[in-house]
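As they're listed, the protein sequences go chains X and Y. The numbering used here puts the first residue of the first sequence at 44, with every later residue one more than the last. The numbering used here puts the first residue of the second sequence at 44, with every later residue one more than the last.
Protein chains: 2
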Amino acid sequence: MKYKVTVFLKDNVFDPQGNSILRVLHNLGYKGIQNVRVGKVFIVESDNNEEMIKKVANEVFCNNVIEKFEVERMGE
Amino acid sequence: MKYKVTVFLKDNVFDPQGNSILRVLHNLGYKGIQNVRVGKVFIVESDNNEEMIKKVANEVFCNNVIEKFEVERMGE
Numbered sequence: 044m045k046y047k048v049t050v051f052l053k054d055n056v057f058d059p060q061g062n063s064i065l066r067v068l069h070n071l072g073y074k075g076i077q078n079v080r081v082g083k084v085f086i087v088e089s090d091n092n093e094e095m096i097k098k099v100a101n102e103v104f105c106n107n108v109i110e111k112f113e114v115e116r117m118g119e
Numbered sequence: 044m045k046y047k048v049t050v051f052l053k054d055n056v057f058d059p060q061g062n063s064i065l066r067v068l069h070n071l072g073y074k075g076i077q078n079v080r081v082g083k084v085f086i087v088e089s090d091n092n093e094e095m096i097k098k099v100a101n102e103v104f105c106n107n108v109i110e111k112f113e114v115e116r117m118g119e
């Protein structure tokens, strides 16, 4: 089974990387973009169930102080 | 409108970061994980339509030589 674990900064945490990208997009002439936030995604192939993947995400992939995560099943 | 742009390495491109993470997970005692691949995710808030977001993803977020991307609408 494949799982997609997406890790973002929490909404109230400032995202300097996203802000830089937003500024670059404006400088390049892309209009109508209000905000960009950046995260990481991990595609995990595993025999384990979703609970185990959530445990790994919580303990290893995500810094719970400033980040949040979500886990999606992607099928076999 | 919010869009989620996910950028991965193409399937046939070696992912050293993912491989390192896999090794670390095994060293930490997590069992039953066969593979990990890593990507980036961009949450873009924009007035533009999905075609425009795909254009930005294609021209700025994604290095088409080694990466692929997908765009999802996340709602308002």
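From the three backbone atoms N, C-alpha and C, an ideal C-beta is built for every residue, glycine too.
Check whether residue i and residue j have beta carbons under 9 Å apart
| i | j | result |
| --- | --- | --- |
| Phe104 (chain Y) | Val56 (chain Y) | no |
| Phe51 (chain Y) | Gly72 (chain Y) | no |
| Arg116 (chain Y) | Glu93 (chain Y) | yes |
| Gly75 (chain X) | Asp90 (chain Y) | yes |
| Val114 (chain X) | Val84 (chain Y) | no |
| Lys111 (chain Y) | Lys53 (chain Y) | yes |
Extent of the continuous alpha helix (DSSP H) run through residue i
| i | result |
| --- | --- |
| Glu115 (chain Y) | Premise fails: Glu115 (chain Y) lies in the beta strand (DSSP E), 110 to 118, not in any alpha helix (DSSP H). |
| Lys47 (chain X) | Not the alpha helix (DSSP H): Lys47 (chain X) falls in the beta strand (DSSP E), residues 45 to 52. |
| Asn107 (chain X) | Where Asn107 (chain X) is concerned, there is no enclosing alpha helix (DSSP H), given that its DSSP letter is neither H nor E. |
| Leu65 (chain X) | 59 to 70 |
| Val99 (chain Y) | 93 to 99 |
With 16 other Cβ atoms within 10 Å as the buried cut-off, status of residue i
| i | result |
| --- | --- |
| Ser87 (chain Y) | A small fix is needed here, since residue 87 (chain Y) is Val in this sequence, not Ser. The residue in question, Val87 (chain Y), is buried, as its Cβ has 16 or more Cβ neighbours within 10 Å. |
| Ile109 (chain Y) | exposed |
Given residue i as reference, the closest of the options once Cα atoms are compared
| i | options | result |
| --- | --- | --- |
| Asp58 (chain Y) | Y:Val79, Y:Leu68, Y:Gly75, Y:Lys98 | Y:Val79 |
| Val100 (chain Y) | X:Lys98, X:Ile64, X:Gly118 | Just to set this straight, residue 100 (chain Y) is Ala in the shown sequence, not Val. Selected option, being the one with the closest Cα: X:Ile64. |
| Lys45 (chain X) | X:Glu102, X:Ile96, X:Asn106 | X:Ile96 |
| Leu68 (chain X) | Y:Gln77, Y:Glu102, Y:Asn106 | Y:Glu102 |
N- and C-terminal bounds of the beta strand (DSSP E) containing residue i
| i | result |
| --- | --- |
| Lys83 (chain Y) | 76 to 89 |
*What are the residues of the stretch 67 to 83 of chain Y that lie near chain X, defined by any Cβ-Cβ distance shorter than 9 Å?*
Along the stretch 67 to 83 of chain Y, going in chain order, the ones with a CB nearer than 9 Å to a CB of chain X are Val67, Leu68, Leu71, Tyr73, Lys74, Gly75, Ile76, Gln77, Asn78, Val79, Arg80, Val81, Gly82, Lys83.
*If contact means a Cβ-Cβ distance below 9 Å, which residues of the stretch 88 to 113 of chain Y contact chain X?*
Within the stretch 88 to 113 of chain Y, the residues whose Cβ lies closer than 9 Å to some Cβ of chain X are Glu88, Ser89, Asp90, Asn91, Met95, Ile96, Lys98, Val99, Glu102, Val103, Phe104, listed in chain order.
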